[in-house]
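Asks: Quick one: the structure is below, and I'll ask about it shortly.
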Amino acid sequence: MEKNERDDSVEKTERDDSMEKTEIGNSSRTEEPVNYRGWKAMPFVIGNETFEKLGAIGTLSNLLVYLISVFNMKKITAATMLIIFNGTTNFATLLGAFASDTYFGRYKTLGFSSFASFLGLLLIDLTVVFKKLHPPHCKAEEEEICKGPTAGQMAFLLTGFALLVVGAAGIRPCNLAFGADQFNPKTESGKRGINSFFNWYFFTFTFAQMVALTLIVYVQSKISWALGFGIPPILMLISCALFFMGSKMYVKVKATGSPITSLAQVIVVAIKKRHLKLSEPEQPWFCMFIYMPPNSINSKLPYTNQFRCLDKAAILTPQDEILPDGSAANPWRLCSRQQVEELKCLLRVLPIWAAALVCHVAIVQLQTYVVFQAIQSDRRLGNTNFDIPPASYSVFLMLSMTIWIPIYDQLVVPFLQRLTGKEGGITLLQRIGIGTFLTVICMIVSAFVEERRRTIALTQPIPGPKGAISSMSGFWLIPQLSIAGLADAFTTVGQIEFYYKQFPENMRSIAGSLFFCGIAGSSYLSSLLIAVVHRTTEGAATGNWLPEDLNKGRLDYFYYLIAALGAINLGYFLVCANWYKYKGTENNNALGVEVELVRKKLLVDNEALKLSH
1 MEKNERDDSV
11 EKTERDDSME
21 KTEIGNSSRT
31 EEPVNYRGWK
41 AMPFVIGNET
51 FEKLGAIGTL
61 SNLLVYLISV
71 FNMKKITAAT
81 MLIIFNGTTN
91 FATLLGAFAS
101 DTYFGRYKTL
111 GFSSFASFLG
121 LLLIDLTVVF
131 KKLHPPHCKA
141 EEEEICKGPT
151 AGQMAFLLTG
161 FALLVVGAAG
171 IRPCNLAFGA
181 DQFNPKTESG
191 KRGINSFFNW
201 YFFTFTFAQM
211 VALTLIVYVQ
221 SKISWALGFG
231 IPPILMLISC
241 ALFFMGSKMY
251 VKVKATGSPI
261 TSLAQVIVVA
271 IKKRHLKLSE
281 PEQPWFCMFI
291 YMPPNSINSK
301 LPYTNQFRCL
311 DKAAILTPQD
321 EILPDGSAAN
331 PWRLCSRQQV
341 EELKCLLRVL
351 PIWAAALVCH
361 VAIVQLQTYV
371 VFQAIQSDRR
381 LGNTNFDIPP
391 ASYSVFLMLS
401 MTIWIPIYDQ
411 LVVPFLQRLT
421 GKEGGITLLQ
431 RIGIGTFLTV
441 ICMIVSAFVE
451 ERRRTIALTQ
461 PIPGPKGAIS
471 SMSGFWLIPQ
481 LSIAGLADAF
491 TTVGQIEFYY
501 KQFPENMRSI
511 AGSLFFCGIA
521 GSSYLSSLLI
531 AVVHRTTEGA
541 ATGNWLPEDL
551 NKGRLDYFYY
561 LIAALGAINL
571 GYFLVCANWY
581 KYKGTENNNA
591 LGVEVELVRK
601 KLLVDNEALK
611 LSH
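Position one of the sequence shown corresponds to residue 1 (full-length UniProt numbering), numbered consecutively onward.
Rendered as structure tokens:
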């Protein structure tokens with residue numbers, strides 16, 4: 001019954017939407033009819049995203065083991081290479097968001113990036129299929145004299161990596177927004193459709209990770225690398241086909257120009273006018289130029305007293321010309337207060353982003369080294385001879401996250417709302433803070449487990465090809481992964497919602513890319529941390545903390561180090577959270593009327609100054 005009512009509502013909305021006239025983009029001043037197809041376009045959009053994630057995650061989730069076992073790389077080299085690759089992939093999303101918003105639009109960006117991802121996955125599969133594209137197989141007893149990859153083999157592999165970077169740069173910042181574009185944001189059913197789409201998006205993301213970390217990884221590890229790496233490009237090809245099959249149904253929002261230009265204008269003008277003084281420093285908004293473009297999708301922002309040096313960009317001088325429509329004739333000489341406040345929104349978020357960057361280092365390191373821990377643990381399932389693939393242990397992190405999110409949303413949030421009276425029960429920064437605290441706990445638990453694993457490996461070993469295997473069950477790794485999943489649920493989801501709500505509406509693509517840039521920064525920081533620890537401890541009395549054989553190292557000390565850095569970062573985050581001011585909207589009627597009067601007064605005063613000069 002409920003489904004029929006929703007379908008009727010969707011049909012009615014689509015009929016209403018088909019009659020609506022809306023301007024899409026700034027390339028044309030005439031209104032164009034927009035037919036929002038809503039849920040009718042979703043099989044193509046969600047299908048594209050599901051198969052894209054299955055393909056990409058199916059390859060990336062077991063790539064560490066592949067580089068070690070097939071390309072004969074050292075563990076430290078393979079881990080560093082993948083961390084840098086993941087960092088570059090996430091950082092490239094900023095360029096992808098800029099290209100989409102400024103030049104190509106989301107449809108063209110997604111289409112091109114999907115095909116690039118397909119080619120990248122195909123090239124990586126070819127490195128397995130053809131013997132000349134990877135080093136000769138190395139037996140366990142020949143490990144010391146293993147032949148590594150040639151320059152040509154590495155070039156071919158890195159070309160595949162580069163294409164995956166191009167694909168991720170366009171897909172990650174655009175796919176959520178493109179799906180939301182298919183619903184009319186001005187109708188109630190359209191808004192419900194957007195919210196429902198976000199739910200489906202995260203469901204497919206989790207589903208893809210679960211399948212990739214279990215079935216596809218099992219095929220790669222236990223059956224055949226060639227077959228296991230052949231599945232992802234086939235899935236990616238299906239993703240491309242589904243995407244282009246729905247082309248005639250999509251709402252294709254044109255590129256409207258990047259808001260980065262507006263931010264740059266504020267910085268440039270503030271530097272030019274740095275010697276000016278506000279005539280009323282106690283109430284600086286009275287001296288600032290106020291203009292809001294009529295076609296702007298942004299909500300009006302009230303004045304904030306942080307970063308006051310930027311306020312000078314909006315000081316109106318006799319040399320500044322105002323056009324008849326109220327806008328500045330030269331935006332590189334005069335900015336509006338709205339532009340200044342939009343830049344302030346970005347600057348206020350950056351300290352929080354920096355804290356999240358350090359916080360995510362713990363998750364990055366755990367996802368890398370838990371594979372090595374699993375390799376040197378007893379991975380047998382009960383009394384059977386079935387071994388759980390090392391890369392599949394990360395599925396417990398996803399399970400923890402998947403189970404906790406609905407519990408938090410359906411049970412914890414309503415309880416906290418009754419307790420605190422706040423929307424969501426707690427603030428977004430409190431949610432991120434809880435996740436930051438849990439990462440510290442996660443690292444401490446990881447250190448305890450690793451110390452136990454190493455001790456058992458030295459006292460009750462099981463012979464293995466690359467060092468003694470601890471008789472400790474691999475299931476002892478589940479607690480640290482479960483805590484990591486809880487931490488990720490608080491920090492990751494909290495960050496995405498925080499950036500989405502705290503950025504101006506026309507900067508939400510950049511907000512999405514900022515999240516991925518944070519993960520990129522965490523990857524680079526993780527790589528640096530590994531290199532420093534590896535080099536510092538190599539000649540120490542305790543020995544190298546991160547050798548090839550974990551039993552000869554002290555990975556537990558490394559985990560304790562990350563926990564200590566996390567505790568310092570938690571203190572820094574609490575200071576930033578206490579300083580932070582949430583983005584407001586100018587819905588205060590008295591303030592709105594006052595600001596409009598000030599705007600008119602400034603224009604009159606400016607004309608009078610021109611006449612006097």
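Backbone N, C-alpha and C define an ideal beta-carbon position, used for all residues, glycine too.
Output yes or no for whether 9 angstroms exceeds the beta carbon distance between Thr-537 and Ser-392.
Replies: By 1-based counting over the sequence shown, the position of residue 537 is 537. By 1-based counting over the sequence shown, the position of residue 392 is 392. Not closer than 9 angstroms, so no.
Asks: Which residues bound the alpha helix (DSSP H) around Phe-118?
Replies: Along the sequence shown, read from residue 1 onward, the residue named residue 118 stands at position 118. From DSSP, the alpha helix (DSSP H) with Phe-118 extends over 105-129.
Asks: Buried or exposed: where does Tyr-559 fall if 16 or more other Cβ atoms within 10 Å of its Cβ makes it buried?
Replies: Counting from one through the sequence shown, the residue named residue 559 turns up at place 559. It counts as buried.
Asks: Taking C-beta to C-beta, are Glu-450 and Gln-365 nearer than 9 angstroms?
Replies: Within the sequence shown, residue 450 is the residue found at index 450, counting from 1. Within the sequence shown, residue 365 is the residue found at index 365, counting from 1. No; because the gap between Cβ atoms is not below 9 angstroms, this pair is not in contact.
Asks: Can you say whether Ala-151 is buried or exposed, counting buried as having 16 or more other CB atoms within 10 angstroms of its CB?
Replies: Sequence index remark: in the sequence shown, residue 151 carries index 151 (1-based). Flag for Ala-151 reads exposed.
Asks: Mind checking Ser-117: buried by the 16 CB within 10 Å criterion, or exposed?
Replies: In the sequence shown, residue 117 corresponds to position 117, counting from 1. So Ser-117 ends up on the buried side.
Asks: From Leu-227 to Val-217, what distance separates their C-alpha atoms?
Replies: Position 227 of the sequence shown, counted from the start, is the residue given in the question as residue 227. Position 217 of the sequence shown, counted from the start, is the residue given in the question as residue 217. Cα to Cα, Leu-227 sits roughly 11 angstroms from Val-217.
Asks: Based on DSSP bridge pairs, tell me the residues matched to Asp-409.
Replies: Along the sequence shown, read from residue 1 onward, the residue named residue 409 stands at position 409. Answer is none; Asp-409 lacks a bridge partner.
Asks: What did DSSP end up calling Asp-387 once you bin it into helix, strand or coil?
Replies: As a working mapping, residue 387 is identified with position 387 in the sequence shown. Residue state, collapsed to three classes: strand.
Asks: Is it buried or exposed for Ile-267, if we count other Cβ within 10 angstroms and need 16 for buried?
Replies: Mapped onto the sequence shown, residue 267 falls at position 267. It is exposed - the Cβ of Ile-267 has fewer than 16 other Cβ atoms within 10 Å.
Asks: Beta carbon of Val-445, beta carbon of Leu-570: below 9 angstroms?
Replies: Position 445 of the sequence shown, counted from the start, is the residue given in the question as residue 445. Position 570 of the sequence shown, counted from the start, is the residue given in the question as residue 570. Not a contact, by the Cβ cut-off of 9 angstroms.
Asks: How about Pro-390 and Ile-375: are their beta carbons less than 9 angstroms apart?
Replies: By one-based count along the sequence shown, residue 390 stands at place 390. By one-based count along the sequence shown, residue 375 stands at place 375. A contact, by the Cβ cut-off of 9 angstroms.
Asks: Could you work out which residue in Asn-72, Leu-133 and Ile-405 is closest to Cys-146 when comparing CA atoms only?
Replies: As a working note, residue 146 is residue 146 in the sequence shown. Nearest of Asn-72, Leu-133 and Ile-405 to Cys-146, Cα basis: Asn-72.
Asks: Do Val-219 and Ile-238 have their C-beta atoms closer together than 9 angstroms?
Replies: Along the sequence shown, read from residue 1 onward, the residue named residue 219 stands at position 219. Along the sequence shown, read from residue 1 onward, the residue named residue 238 stands at position 238. In this structure, Ile-238 does not lie closer than 9 angstroms to Val-219 by Cβ.
Asks: Considering only residues of the same chain and omitting the five flanking positions on each side of Tyr-250, which have a CB-CB separation below 7 angstroms?
Replies: Stepping through the sequence shown from its first residue, residue 250 is reached at position 250. Closer than 7 angstroms at Cβ, skipping near neighbours: Ala-41, Tyr-107 and Gln-182.
Asks: Taking 6 angstroms as the limit between beta carbons, can you name the residues of its chain near Gly-87, skipping five residues before and five after?
Replies: To locate residue 87, count along the sequence shown from 1; it is residue 87. These residues qualify, in order along the chain: Ala-520, Ser-523 and Tyr-524.
Asks: Tell me whether Tyr-582 is buried or exposed, calling it buried when 16 or more other Cβ atoms sit within 10 Å of its Cβ.
Replies: Here the question's residue 582 lines up with position 582 in the sequence shown. The residue is exposed, with fewer than 16 neighbouring Cβ atoms inside 10 Å.
Asks: Among Tyr-408, Ile-84, Ile-271 and Ala-169, which has the Cα closest to the Cα of Ser-114?
Replies: Along the sequence shown, read from residue 1 onward, the residue named residue 114 stands at position 114. The residue from Tyr-408, Ile-84, Ile-271 and Ala-169 with its alpha-carbon nearest to that of Ser-114 is Ala-169.
Asks: Out of Ala-447, Tyr-500 and Ala-79, which one is the CA nearest neighbour of Leu-176?
Replies: As a working mapping, residue 176 is identified with position 176 in the sequence shown. With distances taken between Cα atoms, Leu-176 lies closest to Tyr-500.
Asks: Relative to the C-alpha of Leu-381, which residue among Trp-476, Met-507 and Gly-435 is closest?
Replies: Position 381 of the sequence shown, counted from the first residue, corresponds to residue 381. Of all alpha-carbon atoms in Trp-476, Met-507 and Gly-435, the one lying nearest the alpha-carbon of Leu-381 is that of Trp-476.
Asks: Roughly how many whole angstroms lie between the Cα atoms of Ala-447 and Arg-348?
Replies: Sequence index remark: in the sequence shown, residue 447 carries index 447 (1-based). Sequence index remark: in the sequence shown, residue 348 carries index 348 (1-based). Rounded to the nearest angstrom, the two C-alpha atoms are 35 angstroms apart.
Asks: Could you please give me the residues that DSSP links to Pro-136 through a beta bridge?
Replies: Mapped onto the sequence shown, residue 136 falls at position 136. Answer by DSSP bridge pairing: none, since Pro-136 is not bridged.
Asks: Which of the three DSSP states, helix, strand or coil, is assigned to Met-236?
Replies: For this step, residue 236 is matched to residue 236 along the sequence shown. Looking at Met-236 - three-state DSSP - the assignment turns out to be helix.
Asks: Would a C-beta distance cut-off of 9 angstroms place Phe-503 and Asn-90 closer than the cut-off?
Replies: Within the sequence shown, residue 503 is the residue found at index 503, counting from 1. Within the sequence shown, residue 90 is the residue found at index 90, counting from 1. Against a cut-off of 9 angstroms, the Cβ pair of Asn-90 and Phe-503 comes out as no contact.
Asks: Tell me whether Ser-61 sits in a helix, a strand or coil according to DSSP, three-state version.
Replies: For the purposes of this step, residue 61 is taken as the residue at position 61 of the sequence shown. Three-state DSSP puts Ser-61 in coil, outside helix and strand.
Asks: Note down the Cα distance separating Ala-270 from Pro-324, rounded to an integer number of angstroms.
Replies: In the sequence shown, residue 270 corresponds to position 270, counting from 1. In the sequence shown, residue 324 corresponds to position 324, counting from 1. Between Ala-270 and Pro-324, the C-alpha separation is close to 24 angstroms.
Asks: Cβ of Pro-233 within 9 angstroms of Cβ of Asp-387?
Replies: Here residue 233 is taken as the residue at index 233 of the sequence shown, counted from 1. Here residue 387 is taken as the residue at index 387 of the sequence shown, counted from 1. No. Outside cutoff.
Asks: Going by C-alpha distance, which of Val-129, Leu-528, Ser-377 and Phe-286 is nearest Ile-84?
Replies: In the sequence shown, residue 84 corresponds to position 84, counting from 1. Distance check between Ile-84 and each of Val-129, Leu-528, Ser-377 and Phe-286 places Leu-528 closest, using alpha-carbon atoms only.
Asks: For Gln-480, which residues of its own chain have a beta-carbon under 7 angstroms away from its beta-carbon, when the five flanking residues on both sides are left out?
Replies: In the sequence shown, the residue the question calls residue 480 occupies position 480. Cβ within range, chain order: Leu-366, Cys-442, Val-445, Ser-446 and Val-449.
Asks: Alpha carbon to alpha carbon, how far is Asn-184 from Met-292? Give it in angstroms, no decimals.
Replies: Working through the sequence shown from its first residue, we reach residue 292 at position 292. Working through the sequence shown from its first residue, we reach residue 184 at position 184. Met-292 and Asn-184: Cα-Cα distance of roughly 24 angstroms.
Asks: Taking the alpha carbon of Pro-331 as the reference point, which residue from Phe-289, Thr-491 and Cys-309 has its own alpha carbon closest?
Replies: Here residue 331 corresponds to residue number 331 of the sequence shown, with the count starting at 1. The shortest Cα separation from Pro-331 among Phe-289, Thr-491 and Cys-309 belongs to Phe-289.
Asks: What is the DSSP secondary structure of Tyr-499, reduced to helix, strand or coil?
Replies: Taking the sequence shown and counting its residues from 1, the one referred to as residue 499 is at position 499. It is helical.
Asks: Going along the chain, which unbroken runs of the alpha helix (DSSP H) with 4 or more residues stay wholly within the stretch 52-97?
Replies: 63-69
Asks: Grab the span of the alpha helix (DSSP H) containing Asp-378 for me, first residue to last.
Replies: Taking the sequence shown and counting its residues from 1, one reaches residue 378 at position 378. For Asp-378, there is no enclosing alpha helix (DSSP H), as DSSP gives it neither H nor E.
Asks: Taking only three categories from DSSP, how would you classify Ala-531?
Replies: One-based indexing of the sequence shown puts residue 531 at position 531. Helix, per DSSP.
Asks: Is DSSP giving Pro-351 helix, strand or coil here?
Replies: Here residue 351 is taken as the residue at index 351 of the sequence shown, counted from 1. Correct three-state label for Pro-351: helix.
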